[in-house]
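Just below is one structure, and these are the notes that go with it.
Protein chains in written order, with the working numbering: chain A, 1 to 244; chain B, 245 to 623.
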């Protein structure tokens, strides 16, 4: 088995690949330093990996995901993307637009837009025509099994369908990194399983790097690596052979 | 989906608030547009009055120091008629009289046989330019309607003078000028007698040679000023711009519009800011999916401008409908002239768009300052 990462030591993967995301001694505090959400995180995630980050509530999983998605900035340490720091609003915005897709626990679909329109939202920043945006959104919704629900509002969709719309939206601008924050947290077990299968399939088919923050142990069985966190620190990781 | 359609959807999903904000802007626009339209209508009416009379120059005793019309010796007209480029001079007297106890009516006295009578079209009654001494009066169509009088009837002017104040209506005429259509016209000497100012007029209408150049016009003006230093010489458009009542109306229009503008801007700012606060999570999502700051600013500003343009459309429609309704009221018929020219409506839309931009600026700035992960947590 090839070692993909180490934590706490700050050493880089032996594969020689530049990590897609690398955190070096990252710290993040809130409430004026009273709450230490992350305490010196070292983590490297490589291309095409499927990583599950697990741990109890409040251990810093979502904070870690926010930093990896450039939604937040660390108080100390470095977050590198493809070996580079993202300095400046413009570079960070461009990264969020083109390099990463998000799936949130609460779906965060715009309630007044149909499924087809919700998927087009990230595409406004791409140099695509209106027709191209529509065609692409339709194709993505077909990929996630919602071909018959294109013109439905979120309120007319089930929880599982909403999260599949969010998954399609995360793929809108052809990112290589997908970050999912408790994607099955609001779903029943049937929908959860369907979504897990969908994301696992998409990960394999599109050569995505998939990072999932989750409480759900079912994800652990599907991920190539499980990073366990407690009290703002990585306390261990489990590696598996990549699927053939 | 296109970007403007997305912006429109944001407004549509908050219909009640959007409509209330739009209504606020519409009220301001309606007030401003109707006041400007009426002020401009009076401007146009003054220009029209002299245009239909074929009068290019007015000589009056009213000056900047003495804004009210002052009586001038009628014989001055004979001197003016001798000046180069002057084809006709018509002395005129103008006053407002109470008629039949209550109606205030403009009364004009024109010199017998002067060129002024030519543009009036007699609709009924005796031939215009009566040569007799009989106390007769001609009514404009609108005045005839107000007084419910036509040829053969009689009207009584309320006056303290010990002269006959009952006049026979000799006919009803039509004029392209609203001011004339809403007035009574009689021979000059009869009105002079009624007002006790025999041999006096308020002003002279001068019909000039059509070939006269602007330089020659100015030379003529200087000539008259040199000869009659107490008189004022004006073009028709200068009459409108010097009119004290019109200046007050214009000032009122500007003041009303400025207040409406301020209230509109505050209303729009408040409404859009509330919308931004409510949609913090949505703004956070848009940032999370990579929307640039300028696109978020554009979204908020477009919402604000759309609201104001909607307000401008509704306000302009209300202004046109409201003023038209006022004009059609019997008590105001012929008293209000309004000019809803395209440039006025266009100005209303441009000002509304500016209000939208101004009102949306601060909310847009606030939206652009959101931190995505904090905004996404917002409840």
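Yeah, the Cβ is synthetic: ideal placement off N, Cα and C, and Gly gets one too. A quick note: this is a predicted structure, and the numbers were derived from the prediction, not measured.
Apply the 10 Å Cβ neighbour rule to residue i and answer buried if 16 or more other Cβ atoms are within range, or exposed otherwise.
i	result
residue 413 of chain B	buried
residue 319 of chain B	exposed
residue 459 of chain B	exposed
residue 371 of chain B	exposed
residue 455 of chain B	exposed
residue 205 of chain A	exposed
residue 568 of chain B	exposed
residue 614 of chain B	buried
residue 538 of chain B	exposed
residue 609 of chain B	exposed
residue 390 of chain B	buried
residue 499 of chain B	exposed
residue 512 of chain B	buried
residue 393 of chain B	buried
residue 355 of chain B	buried
residue 508 of chain B	buried
residue 136 of chain A	buried
residue 132 of chain A	exposed
residue 61 of chain A	buried
residue 264 of chain B	exposed
Quick one: grab the DSSP three-state call for residue i.
i	result
residue 436 of chain B	helix
residue 144 of chain A	coil
residue 228 of chain A	strand
residue 446 of chain B	coil
residue 31 of chain A	coil
residue 9 of chain A	Reliability fails at residue 9 of chain A, whose pLDDT of 39 lies under 50, so the model's placement of it is uncertain and no value is given.
residue 129 of chain A	coil
residue 360 of chain B	helix
residue 480 of chain B	helix
residue 380 of chain B	strand
residue 519 of chain B	helix
residue 121 of chain A	helix
residue 25 of chain A	strand
residue 17 of chain A	coil
residue 425 of chain B	helix
residue 420 of chain B	coil
residue 575 of chain B	coil
residue 245 of chain B	coil
residue 205 of chain B	Residue numbering for chain B in the displayed model covers 245 to 623; residue 205 of chain B lies beyond these limits and cannot be assessed.
residue 332 of chain B	strand
residue 347 of chain B	strand
residue 2 of chain A	With a pLDDT of only 35 at residue 2 of chain A, under the threshold of 50, the placement of this residue in the model should not be trusted, and no figure is reported.
residue 250 of chain B	helix
residue 150 of chain A	coil
Pop quiz: residue i and residue j are said to be a contact at Cβ under 8 Å. What is the actual Cβ separation, rounded to whole angstroms?
i	j	result
residue 38 of chain A	residue 26 of chain A	6 Å
residue 295 of chain B	residue 566 of chain B	With 8 Å as the limit, residue 295 of chain B and residue 566 of chain B do not qualify as a contact, their Cβ atoms being about 28 Å apart.
residue 53 of chain A	residue 238 of chain A	At roughly 12 Å, the Cβ-Cβ gap does not stay under 8 Å, so residue 53 of chain A and residue 238 of chain A are not in contact.
residue 481 of chain B	residue 291 of chain B	6 Å
residue 503 of chain B	residue 611 of chain B	No, residue 503 of chain B and residue 611 of chain B are not in contact; Cβ-Cβ is about 28 Å, not under 8 Å.
residue 193 of chain A	residue 222 of chain A	That pair is no contact at about 10 Å.
residue 353 of chain B	residue 395 of chain B	With 8 Å as the limit, residue 353 of chain B and residue 395 of chain B do not qualify as a contact, their Cβ atoms being about 19 Å apart.
residue 48 of chain A	residue 214 of chain A	With a Cβ gap of about 19 Å, residue 48 of chain A and residue 214 of chain A do not count as contacting.
residue 50 of chain A	residue 232 of chain A	The Cβ separation is near 24 Å, so there is no contact.
residue 229 of chain A	residue 173 of chain A	In fact, because the Cβ distance is near 29 Å, the residues do not count as touching under 8 Å.
residue 166 of chain A	residue 108 of chain A	7 Å
residue 619 of chain B	residue 525 of chain B	6 Å
Would you say residue i reaches chain E, if we count a Cβ-Cβ gap shorter than 8 Å as a contact?
i	result
residue 19 of chain A	In the structure shown, chain E cannot be found, because the protein chains are A and B.
For residue i versus residue j, is the C-beta spacing smaller than 8 Å?
i	j	result
residue 484 of chain B	residue 287 of chain B	yes
residue 169 of chain A	residue 119 of chain A	yes
residue 486 of chain B	residue 336 of chain B	no
residue 191 of chain A	residue 159 of chain A	yes
residue 181 of chain A	residue 124 of chain A	no
residue 359 of chain B	residue 332 of chain B	yes
residue 603 of chain B	residue 270 of chain B	no
residue 424 of chain B	residue 293 of chain B	yes
residue 534 of chain B	residue 97 of chain A	yes
residue 277 of chain B	residue 592 of chain B	yes
residue 530 of chain B	residue 540 of chain B	yes
residue 141 of chain A	residue 116 of chain A	yes
residue 515 of chain B	residue 261 of chain B	yes
residue 552 of chain B	residue 596 of chain B	yes
At 3 residues or longer, and completely inside the region 259-311 of chain B: list those beta strand (DSSP E) runs for me, N to C.
301-304
Length at least 4, wholly inside the region 524-553 of chain B: the alpha helix (DSSP H) runs in chain order:
524-532
Runs of beta strand (DSSP E) wholly within the region 35-90 of chain A (minimum 3 residues, chain order):
35-45, 50-54, 76-81
Residue ranges of each alpha helix (DSSP H) run of no fewer than 4 residues wholly in the region 155-239 of chain A, ordered along the chain?
159-170, 189-205, 217-222
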